[in-house]
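Chemist: Here it is, the structure in full.
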Amino acid sequence: MTATVLEQPAQTALDFAGLMKQHQAMVFSVAYHYLHNRDLSQEVAQDVFLSLHRNLAAIQSPAHAAFWLRKVAVQRSIDEGRKRMRRPQVGLDDVAEPAVAAAPGDPMLGQMLRKLIATLAETPRMVMILRYQEDLDPMEISEMMEIPLATVKSHLQRSLALLREKLARRGMGER
Amino acid sequence: MQLEEKDWLEQQLRAALERQDPPEGFAGRVADRLAAEGPDQRRDRGKVIAWPSRPIRRLLAAAAAIVLMAGGAAEYRRHQGEVAKRELMRAFYIAGGKLNHVQARVLEVSQ
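Protein sequences appear in the order of chains A and B. All residue numbers for the first sequence refer to our numbering, where the first residue is 84 and numbers rise by one. All residue numbers for the second sequence refer to our numbering, where the first residue is 56 and numbers rise by one.
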């Protein structure tokens, strides 16, 4: 039955199963880095793909599908975050501090950064995710989130300064 | 700050926020939900009016504010009219009492 359902939309111009395979990591990660909850993020990602399935006829190209999925993932994650009031759920003081300065790609530093990002307010948090997970430039983020470019730049600047300060306070700053 | 600058923190952020695959069986669960919805429901749910975009929401909020202000102004005018009416009635009542009193005195004097 699973295969049949996924094959149904193949009659349309775009292959739903292929789009899901290609973009599931992007959609799930936007939700996960924003919400910090695997089950909830999976639910949001499923909703996004169900919504894509319903709107597949309106999607004109693979690039349009990628843009559409990212935008809907952003909106759904923000809506879900508001609904569940899940903002700063992580206890930063519970995280052990490393004895030595972190090397690039350090798992403990990565965990700390994800937790620090989770403490940001909703707009700067999503701006940071779109910038550093999705590698979007500020103009693209501004269009995606429907906020002014100056606001995006200001959120990036302030969030980076805040993260630097908090990392330095924990002895995890730049070497 | 140069936004293009790839400094240490930005590199760490890119590594920390790398994309992750969803849990095993994700596609299967989406397919199960699609199957559970059924074609009729899927078609109907596709017709549900979408939540309006941010500019539309702002316009709606502004329109609602204008309607509320206009309603408030109308209500204020109506209230002012009621107050004026009550004061006029009281004035008539007082004037009527005085007239009755004067009439009684005139009658007394004439008798």
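Note that CB positions come from ideal geometry on N, CA and C, so glycine has one too. The structure presented is a predicted model; accordingly, all values stated were derived computationally and were not measured.
Are the beta-carbon atoms of Leu152 of chain A and His106 of chain A separated by less than 7 Å?
Modeler: In this structure, His106 of chain A lies closer than 7 Å to Leu152 of chain A by Cβ.
Chemist: Mapping the DSSP letters down to three states, classify Met255 of chain A as helix, strand or coil.
Modeler: Met255 of chain A falls in the coil class under three-state DSSP.
Chemist: Ser112 of chain A touches chain B at which residues, Cβ-Cβ below 7 Å?
Modeler: By Cβ distance, chain B contributes Arg74 and Gln75.
Chemist: Mapping the DSSP letters down to three states, classify Pro110 of chain B as helix, strand or coil.
Modeler: Reduced to three states, the DSSP call for Pro110 of chain B is helix.
Chemist: Could you check whether the region 225 to 243 of chain A touches the region 192 to 210 of chain A, counting it as contact only if at least three pairs of C-beta atoms, one from each stretch, sit closer than 8 Å?
Modeler: In short, these stretches touch, since the Cβ pair count reaches three.
Chemist: Does Phe147 of chain B pass the burial test, meaning 16 or more other C-beta atoms within 10 Å, or should it be called exposed?
Modeler: So Phe147 of chain B counts as exposed.
Chemist: For Gly164 of chain A, which of A:Gln143, A:Arg208 and A:Ile142 has the nearest alpha-carbon?
Modeler: Considering only alpha carbons, the answer is A:Arg208.
Chemist: Name, please, each residue of chain A whose Cβ falls closer than 8 Å to the Cβ of Pro78 of chain B.
Modeler: The contacting residues are Arg121 and Gln125.
Chemist: When you compare only the Cα positions, how much space is there between Val155 of chain A and Arg252 of chain A?
Modeler: Cα-Cα distance, rounded: 36 Å.
Chemist: Does any CB atom of chain A fall closer than 7 Å to the CB of Leu114 of chain B?
Modeler: Chain A, which has no Cβ nearer than 7 Å to the Cβ of Leu114 of chain B, makes this no.
Chemist: Given that Gln135 of chain B touches chain A, what residues does it touch there, using C-beta distances under 7 Å?
Modeler: Those within 7 Å of Gln135 of chain B in chain A number zero; the least Cβ separation is about 42 Å.
Chemist: Hey, is Ala91 of chain B's beta-carbon within less than 7 Å of any beta-carbon in chain A?
Modeler: Output row for Ala91 of chain B: interface = no.
Chemist: Please classify Glu217 of chain A as buried or exposed, where buried requires at least 16 other C-beta atoms within 10 Å of its C-beta.
Modeler: So Glu217 of chain A ends up on the buried side.
Chemist: Could you spell out the range, first to last residue, of the alpha helix (DSSP H) harbouring Glu126 of chain A?
Modeler: Taken as a continuous stretch (DSSP letters only), the alpha helix (DSSP H) holding Glu126 of chain A covers Arg121 to Arg137.
Chemist: Just to make sure I have the definition right: I need the residues of chain A whose C-beta is within less than 8 Å of the C-beta of Arg84 of chain B. Which are they?
Modeler: Within 8 Å Cβ-Cβ: Gln125 and Gln129.
Chemist: At a Cβ threshold of 7 Å, is Arg167 of chain A touching chain B?
Modeler: Output row for Arg167 of chain A: interface = no.
Chemist: Is it right to say Gly174 of chain A is buried, meaning 16 or more other beta carbons lie within 10 angstroms of its own, or is it exposed?
Modeler: Residue confidence is low: Gly174 of chain A scores 44 on pLDDT, short of 50, so the model does not pin down where it sits. No coordinate-derived value is stated.
Chemist: Using a C-beta to C-beta distance shorter than 8 Å, which residues of chain B count as neighbours of Gln105 of chain A?
Modeler: Those do not exist, as Gln105 of chain A stays about 11 Å from chain B at its closest Cβ, beyond 8 Å.
Chemist: Grab the span of the alpha helix (DSSP H) containing Pro145 of chain A for me, first residue to last.
Modeler: Per DSSP, Pro145 of chain A belongs to the alpha helix (DSSP H) from Pro145 to Arg167.
Chemist: Pairs of beta-carbons, one from the region 72 to 88 of chain B and one from the region 120 to 139 of chain A, closer than 8 Å: are there three or more?
Modeler: Flag = yes, the region 72 to 88 of chain B and the region 120 to 139 of chain A touch.
Chemist: Mind checking Pro77 of chain B: buried by the 16 CB within 10 Å criterion, or exposed?
Modeler: By the neighbour-count rule (16 or more Cβ atoms within 10 Å), Pro77 of chain B is buried.
Chemist: Roughly how many angstroms separate the alpha carbons of Leu162 of chain B and Arg132 of chain B, rounded to a whole number?
Modeler: Going by the C-alpha atoms only, they are around 45 Å apart.
Chemist: Starting from Thr206 of chain A and walking both ways along the alpha helix (DSSP H), at which residues does that stretch end?
Modeler: Glu205 to Tyr215 is the span of the alpha helix (DSSP H), which, as asked, contains Thr206 of chain A.
Chemist: Could you pull the start and end residues of the alpha helix (DSSP H) that Leu64 of chain B belongs to?
Modeler: Segment Trp63 to Ala71, the alpha helix (DSSP H) holding Leu64 of chain B.
Chemist: List the whole-angstrom C-beta distance separating Leu246 of chain A from Leu72 of chain B, where the pair is believed to meet the contact cut-off of C-beta under 8 Å.
Modeler: That pair is no contact at about 12 Å.
Chemist: Can you say whether Met103 of chain A is buried or exposed, counting buried as having 16 or more other CB atoms within 10 angstroms of its CB?
Modeler: Met103 of chain A comes out buried.
Chemist: What whole-angstrom Cβ distance do Ser160 of chain A and Ala114 of chain A have, given they're in contact under 8 Å?
Modeler: Right, their Cβ atoms sit about 5 Å apart.
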